[in-house]
Amino acid sequence: MNLFTKYLHSVTLSLSKGIQKIACLLLLSIPLFTQAEDGYKLWLRYDKITDKAQQSYYAPRLKTVYADLSDPSVKVAADELQLAVKSLLGFTPVVKAAGTGSQGLTLTIDPKTEGINEEGFSVSTTPKGIHIKARSGAGVLYGVFNLLKNIQTGADPNVTSSPEIQRRLLNHWDNHNGTIERGYAGMSLWKWYELPERIDPRYIDYARANASIGINGTVLNNVNASARFLTHEYLGKVKALADAFRPYGIRVYLSVNFAAPRILGKLKDADPLNPEVQKWWADKTKEIYDLIPDFGGYLVKANSEGEPGPMDYGRTHADGANMLAAAVKPYNGIIMWRAFVYAPDPKGDRFKAAYEEFKPFDGKFADNVILQVKNGPIDFMPREPVSPLFSAMEKTPVSLEFQVTQEYLGWATHWVYLAPMFEEVLKTDTHVKGSGSTLSGILKGDTFGYKMTAMAGVANTGSDRNWTGHPMTQANWYTLGRLAWDTRLTSESIADEWIRQTLTRNNAAVETIRKSMMKTREIYVNYTSPFGLHHVMGEGHHFGPEPWLDKAARPDWTAVYYHRVDSTGIGFNRTATGSNALAQYPGGLVEVYQDEATCPEPFLLWFHHVRWDRPMKSGLSFWNDFVKHFYEGARQVQDLQAEWQSVKAQVPPEIFNNVEARLQTQYKEAVWWRDACVLYFQTHSKMPVPAPYKAPERTLEEVKKLVDIYHIR
Ligand code: GCW
């Protein structure tokens, strides 16, 4: 080898070494660029089916799909099947025109199908095939998603089902600038500046996820509504979203600003009895329906927390709602009028406000108005008794608003599975027509014969890759849809199916995770608000403990207004000797709560001022039991940590790490809650922290400083 060839040789060698290095680096970095299981796919992961019996049962039946693709919902159902079956069973079904074969999966719309309602479906298996029948395209789509769920959970695919509630909605509190009121999972999903031209593929995944759990409506914007959403420019953007969601059976609704005729229309007022105002709404509504023929209607927060409303002009809620109802009536639209209304009254009881405001108008609302009521009388606390309005409005349909985003339940760092809370609310016996009159019976229309029914949840979604920030709280979005479809479902069964589709199908791991999930809400209650303590969170941001808060812009935004602590005890007397809010309930429910001796302990401080030395069921004094709950609650977060560690090998690593880290934060914050509440209430009870618990090492003054970190003052 001469010198030159030697030189060439070494150059090539080092070059190839360099290339090798680059290749190695590239290989190593691939995982950074490919998508790990990070939660983006939600419960639509369609993890491979490994069970041989299942494979051989489903494979022949799913090879061919017979469907009439001219219906847009059937078309997306067939698309979903292709995507899902490829992933579940490793092949892509062939889609053929309807009626050309007998073996395989048939998707049929038959408006005369009996035994189901407009959105219901039936899935039935035969020796050679599977048949999905429905009265509408949306029904077919729901049937397909139900089948896919049952394949993944190993359940019987033969199901006939219809939704119990007609309108099953997400309420987004999203603002036009991309922020989300009480949103903890990033920014808004809606990229207003890109719309209407660009449809982010994420909108389609959002629609798929919702359709898979039966959600059929979305209110796109915050109830503290900017009038901007009603401009022609924005309506074009809303139309683009409505068009994208329509095949998935999802209608679009808007929150409206009651003063829009003044703000946008430059009218002198927004008085609902002013004919010019009425005309403005009629014209605006026509403009909307010209663009979006199936537009759902308006959601309205009026005369609440500073929002404009009919009372600004001496009119009533009924005047305001009925004026808007008349505008949407020609198009079959509806008005969802929120009952979250409470005037500041230092001597009053906010608990009573909504009932006092709306009860007199029962029967005075137009027939396309539905009153939207939060589950509890105050505001989405970790545990509330049900709002007395549900049993009070016999002639006005009432819908339920849950909060899926965890404004008062630890934002996106605390693992709280909300299904047990939703279930507790829905199964509450209101006693309105004797015992057994559950809240779900009222919502479904059984109790008072409503023609219109609805259930809504304030969304916990955002631009985070995994949609909800905390991977485990995807289950809360899932729950909302499932329960609005079927209020009889149990929290356990919902958790089970969610875990099997989202995290793992390993039975032992499913059981561990499900058991953890089932405990999370009570654990949160234990370390933040045992025995019905409520509204003791940080001012404004509503995070962390601030039970000492005694001054705010309104008295009913302080903590002391609610817990009424003094040297004798704690709790709000809402019986006849106190605010008498209890009297707003039907007699049977009054009986449940009115006697301190028999009132269920989880609701004690909602209705009674309880003495520190009151004996509890546990045998402990109230003070000792109260303190015990804070300590045990914080300790139980450590149980959750250990249980989560035990499923490490069974869940996708990125999700595992995410939850593991959030649990560390949760523990830290649970201890913060514990120390803050115990130290503060102790200044009133003057009683020691009972053994075996050790008094917090930090002082109350030290703990008080922590909440300021969250204040944006
Ligand atoms: O819970 C309170 C929230 C407000 C919210 C309001 C409401 C949208 O703190 O942020 O405003 O309820 O439900 O209208």
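Take the sequence shown: its letters are residues 30 to 742, numbered as in the working numbering. Backbone N, C-alpha and C define an ideal beta-carbon position, used for all residues, glycine too.
Between Q132 and the set Q623, L91, E625, K657, the nearest pair of CA atoms involves L91. L509 sits away from A238, with the two beta carbons spaced by 8 Å or more. Burial state of E526 is buried, judged by a 10 Å Cβ sphere holding 16 or more other Cβ atoms.
The C-alpha of I279 is placed about 44 Å away from the C-alpha of C706. Looking at the backbone, the Cα of V173 and that of L134 are separated by about 10 Å.
Distances between the C-beta of S333 and the heavy atoms of the ligand GCW include at least one below 7 Å.
Look at D408: its beta carbon is less than 7 Å from one of the heavy atoms in the ligand GCW. For F150, the enclosing beta strand (DSSP E) stretches over residues 150–154. Nearest to F572 by alpha-carbon distance, out of L649, P631, T442, is T442. Burial check for G465: the Cβ neighbour count within 10 Å stays below 16, so the residue is exposed.
Nearest C-alpha to W586 among F150, D408, K295, K646: D408. R517 counts as exposed, since fewer than 16 other C-beta atoms from the protein chains shown sit within 10 angstroms of its C-beta. Distances from the CB of E661 to the heavy atoms of the ligand GCW are all 7 Å or more. At a threshold of 7 Å, R211 counts as near the ligand GCW, since its beta carbon sits closer than that to one of the ligand's heavy atoms. Contact annotation: V415 and V370 have beta-carbon atoms that are not nearer than 8 Å.
Using a 10 angstroms sphere on the CB of K178, the tally of other CB atoms reaches 16 or more, which defines it as buried. Only exposed fits N206, as fewer than 16 other CB atoms lie within 10 angstroms of its CB. Annotation note: the stretch 74–129 contains the following uninterrupted alpha helix (DSSP H) runs of length 4 or greater, listed N- to C-terminal: 81–91, 101–118.
Contact fails between the stretch 529–547 and the stretch 267–284, because fewer than three Cβ pairs, one in each stretch, are under 8 Å apart. Non-local C-beta neighbours of G607 in its own chain, meaning closer than 6 Å and more than five positions away in sequence, are absent. Annotation for R691: T442, H499 place their beta carbon closer than 6 Å to its own, counting only its chain and skipping 5 residues before and after.
When the five nearest sequence neighbours on each side are left out, the beta carbons in the same chain lying within less than 8 Å of the beta carbon of V103 are those of A96, D97, L136, I138, G166, V169, L170, in order along the chain.
Considering only I244, I317, D704, the residue with the shortest C-alpha distance to Y263 is I317. For D458, the three-state secondary structure derived from DSSP is strand.
When secondary structure is reduced to three states using DSSP, M365 falls in the strand class. Measuring C-alpha to C-alpha distances from Q711 to each of E698, M547, T728, K81 identifies T728 as the nearest.
Burial state of L199 is buried, judged by a 10 Å Cβ sphere holding 16 or more other Cβ atoms. Counting the other CB atoms within 10 Å of its CB gives P426 a total of 16 or more, which places it among the buried residues. A350 and V680 have their C-alpha atoms spaced approximately 49 Å apart. Each residue's CA atom was taken as its position, placing S650 and P644 some 5 Å apart. Relative to the Cα of K723, the nearest Cα in the group K456, M410, V656 belongs to V656. DSSP places K162 outside any alpha helix (DSSP H); the residue lies instead in the beta strand (DSSP E), whose first and last residues are 158–163.
When distances are taken from the beta-carbon of V461 to the heavy atoms of the ligand GCW, even the shortest one reaches 7 Å or more.
N404 counts as buried, since no fewer than 16 other beta carbons sit within 10 angstroms of its beta carbon.
Beta-bridge annotation (DSSP): E430 is paired with K403, A485.
Approximately 4 Å separates the beta-carbon atoms of N251 and W202; this is inside 8 Å, confirming the contact.
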